[in-house]
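In this note's numbering, the protein residues as written are 4 to 180.
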């Protein structure tokens with residue numbers, strides 16, 4: 004796409020498109036940058052609530068690029084990742100999932116739930132007892148229909164538009180959002 008645009012524009016124009024390889028002017032760390040930004044937001048929100056990341060129960064909807072890096076970063080900080088999901092379902096372990104194991108075992112499409120016989124639904128994932136919830140999958144996942152079911156005291160968005168405007172109003176009153 005960049006090549007075509009540059010040919011039409013008659014100039015090399017790498018700045019108009021994202022996701023380029025480093026050799027074509029891409030950014031180092033782009034694969035993990037969203038997750039790092041979310042970690043910073045979580046750390047700041049936790050500090051304001053006098054919550055420690057170490058031992059905090061975390062649920063992450065989505066185990067793609069942002070979600071998997073986020074799970075690993077928080078896991079390494081001592082958080083207990085009690086729920087994650089992919090496009091096919093969700094996993095839950097109240098004692099914490101082994102994120103290194105999941106990262107090592109996921110298939111070429113990033114899927115991990117197919118490794119387990121027992122999964123839960125995304126609806127159940129949002130209802131889990133946790134301290135921190137991160138929707139890191141797709142848009143419109145938290146709505147006015149399920150916002151009241153969220154038990155997390157901190158919700159940080161990693162996906163594009165995962166929360167509807169109505170749900171945002173509800174969450175702003177209920178949790179640190």
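Ideal placement from N, C-alpha and C gives every residue a C-beta, glycine not left out. Note that the structure is predicted; figures quoted are calculated from it, not measured.
1. Would you please state the rounded distance, in angstroms, between the beta carbons of residue 84 and residue 56? I believe it to be under 8 Å.
2. Can you tell which of 27, 156, 43, 72 has its C-alpha closest to the C-alpha of residue 107?
3. With C-beta atoms as the reference, is residue 76 less than 8 Å away from residue 42?
4. Is the beta carbon of residue 141 sitting closer than 8 Å to the one on residue 59?
5. Around the Cβ of residue 104, are there at least 16 other Cβ atoms within 10 angstroms (buried) or fewer (exposed)?
6. Tell me, which residues are paired with residue 88 by DSSP?
7. Should residue 78 go down as buried or exposed, given a rule of 16 or more other Cβ atoms within 10 Å for buried?
Working from what's here:
1. At roughly 12 Å, the Cβ-Cβ gap does not stay under 8 Å, so residue 84 and residue 56 are not in contact.
2. 72
3. yes
4. no
5. exposed
6. 93
7. buried
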